[in-house]
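Here is the structure we will look at.
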Amino acid sequence: MTIKRRFLLMNENPEQQQQFAWLPEWISPYESPWSIFEKFKYANRATVKDLFDLFGTSYTKSLKSKHLSQKACNLLTLEGLDESLLKLAFGLSLKEVNRRNINMLTNILPGDQHYFFHKLLKLCPECIKIGYHSIFHQFSLIHRCPFHNVSLVEGCPKCKRKMSYHLSDKDTMEPFRCKCGHLLFSLKNGQRYPSSWEKMNLQNQSKPLKYWITFNLENVHEKIFLYFQPDLDLQKNEGVMEFILEAISPSYKTNQSDLHREVKSSPYIRNFQKQEKTKSFLLTDECEFELKKAIYQSSTATIRSIVSNIRKKFFDHSNCIRNFHNNHYKPIKNCPYAFAFVFWRTFNEGDDSIYDGNRRRKDIPFFNSLEYHFATKQDHNYLNNLLFRVRTHCHIDNLAAIKWILNRVMSHLTLNHLKNWLKIASLNAHKSMKFLTVPFNFEHLPFYLVIIPKNLNEPFEFHWWPRKDALQLDNLDQTSLKCPLNKEETR
Ligand SMILES: [Zn+2]
Ligand SMILES: [Zn+2]
Ligand SMILES: [Zn+2]
Numbered sequence: 243m244t245i246k247r248r249f250l251l252m253n254e255n256p257e258q259q260q261q262f263a264w265l266p267e268w269i270s271p272y273e274s275p276w277s278i279f280e281k282f283k284y285a286n287r288a289t290v291k292d293l294f295d296l297f298g299t300s301y302t303k304s305l306k307s308k309h310l311s312q313k314a315c316n317l318l319t320l321e322g323l324d325e326s327l328l329k330l331a332f333g334l335s336l337k338e339v340n341r342r343n344i345n346m347l348t349n350i351l352p353g354d355q356h357y358f359f360h361k362l363l364k365l366c367p368e369c370i371k372i373g374y375h376s377i378f379h380q381f382s383l384i385h386r387c388p389f390h391n392v393s394l395v396e397g398c399p400k401c402k403r404k405m406s407y408h409l410s411d412k413d414t415m416e417p418f419r420c421k422c423g424h425l426l427f428s429l430k431n432g433q434r435y436p437s438s439w440e441k442m443n444l445q446n447q448s449k450p451l452k453y454w455i456t457f458n459l460e461n462v463h464e465k466i467f468l469y470f471q472p473d474l475d476l477q478k479n480e481g482v483m484e485f486i487l488e489a490i491s492p493s494y495k496t497n498q499s500d501l502h503r504e505v506k507s508s509p510y511i512r513n514f515q516k517q518e519k520t521k522s523f524l525l526t527d528e529c530e531f532e533l534k535k536a537i538y539q540s541s542t543a544t545i546r547s548i549v550s551n552i553r554k555k556f557f558d559h560s561n562c563i564r565n566f567h568n569n570h571y572k573p574i575k576n577c578p579y580a581f582a583f584v585f586w587r588t589f590n591e592g593d594d595s596i597y598d599g600n601r602r603r604k605d606i607p608f609f610n611s612l613e614y615h616f617a618t619k620q621d622h623n624y625l626n627n628l629l630f631r632v633r634t635h636c637h638i639d640n641l642a643a644i645k646w647i648l649n650r651v652m653s654h655l656t657l658n659h660l661k662n663w664l665k666i667a668s669l670n671a672h673k674s675m676k677f678l679t680v681p682f683n684f685e686h687l688p689f690y691l692v693i694i695p696k697n698l699n700e701p702f703e704f705h706w707w708p709r710k711d712a713l714q715l716d717n718l719d720q721t722s723l724k725c726p727l728n729k730e731e732t733r
């Protein structure tokens, strides 16, 4: 079924009636431009090309439909469309409303706002029955419809065909009809369009989202930069919005509040710079070299203290560790602690790391390269990426502050690696194993968040939420990790 083209004309005189079918009531609060334009196309048997002919900028109007770029069809920026023409036709500054809705959701988030919106269309199976789609559904920190409290679905609810969040006719047979033939909204007999378009009465039922909007509108972002883990898949992590709320508002509690942990830096962290030589390290190559060296040295000191701490916790297994290492990783008495400790250090700090730092001098990295170096090799890319983002998104160019954030995150990652090794050890310590690469990435990493106040005299905050099922390094005795050798010794 293809749409029969008919000519639609735009009457640029606001006094005169338009020649196409449209009622301002068809737009509901927080409605996304996607469903607004689907409604327009549906009511007027129009195509995306018609939309551009009517409302396009003078540039996009001149283009053939196959030449319309991704940019022109972007539903977040609406940059292919002309604001005054849209206002004339829809009775609303669509671009402005869309911009405001996006800001309302992303004001307090770091970096590019558009990063936080799904590229693929997400639908609420209930909302779409009345032809409604909300900007909330596209926002990646929302996983359930705030009006119906049901899980969102990607693409067609019937055949699961993916559709892009884009001005396009490619994903549909005709407006609101999936290529599988399924009509996305329900239509009663004899109706030409759903009467529900006119009398939508949706209430935001989501408490976190209400708080979230308030925080965004109160411009919390003028006080703080928020920073959270760059590897995080927002589609899978349902709790992120609530975690952020709990971190920025003392009165907000999630159902994981008892797990919430927080450390603060000194409030003067950004004044430390004056005492450091690398004051203007951004300016010259020499200073960049000094910065790299300082970051490396600081990360080395951090790792050394973590390792010495773990050594104390694993003290009963000192012999196991020595034997395991000296016997080329053959587990003589299958001690899981030795297995985890040796592999952890080998991959984290390098092959020779198991001898303590003072017994052997480690290779000093080449600080003239473009990248930064850290005492942990395993997280080299992660930390480089983090450093880049912290400097560009949060505009932090103070050495003490950079070191504080990097060392916090590095410790967080490193301890999680150790826990992952312990998990592997509990299953494999009795086998003779060699690993060529680390058999995990960031599995089980507790969610973390850095808060960077814009007020230069306030401390940085590092927040994290350990998982309920996580190993506790302080009471490993109570886990299934048993060392047979150690039992024999103590007897
Ligand atoms: Zn819904
Ligand atoms: Zn379908
Ligand atoms: Zn042992």
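Residues 243 to 733 (our numbering) make up the sequence shown, in order.
For each residue, glycine too, the CB sits at the ideal point set by N, CA and C.
query: Does DSSP put S406 in a helix, a strand or coil?; result: strand
query: Tell me the rounded alpha-carbon separation between M405 and S547.; result: 51 Å
query: Whole angstroms is fine: what's the gap from Q258's alpha carbon to A331's?; result: 11 Å
query: With a threshold of 8 Å on Cβ separation, who are the neighbours of L250 within its own chain once the five nearest residues in sequence on each side are excluded?; result: Q261, F262, N286, A288, D292, D295 and L296
query: For a test of the three-state rule: what should DSSP assign to P275, helix, strand or coil?; result: helix
query: Could you check what DSSP says for S550 in three-state terms: helix, strand or coil?; result: helix
query: For L687, which of N479, L363 and L305 has the nearest alpha-carbon?; result: N479
query: When a residue counts only if its C-beta is closer than 5 Å to some heavy atom of ligand 1, which residues count, in chain order?; result: C366, E368, C369, C387, F389 and H390
query: Assign D324 to buried or exposed, taking buried as 16 or more other Cβ atoms, counted over all protein chains shown, within 10 Å of its Cβ.; result: buried
query: Could you give the DSSP three-state label for Q261: helix, strand or coil?; result: coil
query: Using the beta-carbon count (16 or more within 10 Å), is F630 buried or exposed?; result: exposed
query: Per DSSP, what are the beta-bridge partners of E338 in this structure?; result: Answer is none; E338 lacks a bridge partner.
query: Are the beta-carbon atoms of I511 and F457 separated by less than 8 Å?; result: no
query: Would you mind sorting H309 into buried or exposed? The rule is 16 or more other CB atoms within 10 Å of its CB.; result: exposed
query: Provide the residue span of the alpha helix (DSSP H) that contains F485, from first to last.; result: V482 to I490
query: In terms of alpha-carbon separation, which member of D475, I350 and C387 lies closest to I466?; result: I350
query: Compare the C-alpha of P266 against each of F282, E254, L318 and E368 and name the closest.; result: F282
query: Could you tell me the distance, in whole angstroms, from the CA atom of R564 to the CA atom of A543?; result: 23 Å
query: Consider the C-beta atom of H375 and the heavy atoms of ligand 2; say whether any pair is separated by less than 7 Å.; result: no
query: For A667, which residues from the same chain have a beta carbon less than 6 Å from its beta carbon, with the 5 sequence-adjacent residues on both sides left out?; result: P578, F581 and A582
query: Decide if E440 is buried, meaning its Cβ has at least 16 other Cβ atoms within 10 Å, or exposed.; result: exposed
query: Taking only heavy atoms of ligand 3 into account, decide whether any of them is closer than 7 Å to the Cβ of A580.; result: yes
query: Less than 8 Å between the CB atoms is what I'm expecting for W586 and H659, so what's the real figure, rounded?; result: 6 Å
query: For the candidate residues S541, A536 and W454, whose alpha-carbon lies nearest to that of L641?; result: A536
query: Drop a sphere of 10 angstroms on the beta-carbon of M652, count the other beta-carbons inside from all chains shown, and report buried for 16 or more, exposed for fewer.; result: buried
query: In this structure, how does DSSP classify L318 when only helix, strand and coil are distinguished?; result: coil
query: Could you check the C-alpha separation between R601 and K361 for me, to the nearest Å?; result: In this predicted model, R601 has a pLDDT of only 48, less than 50, meaning its place in the structure is not dependable enough to derive any value.
query: Using DSSP bridges, identify the partner residues of L323.; result: G298
query: Using 8 Å as the threshold, is the C-beta distance between S376 and S438 below it?; result: no
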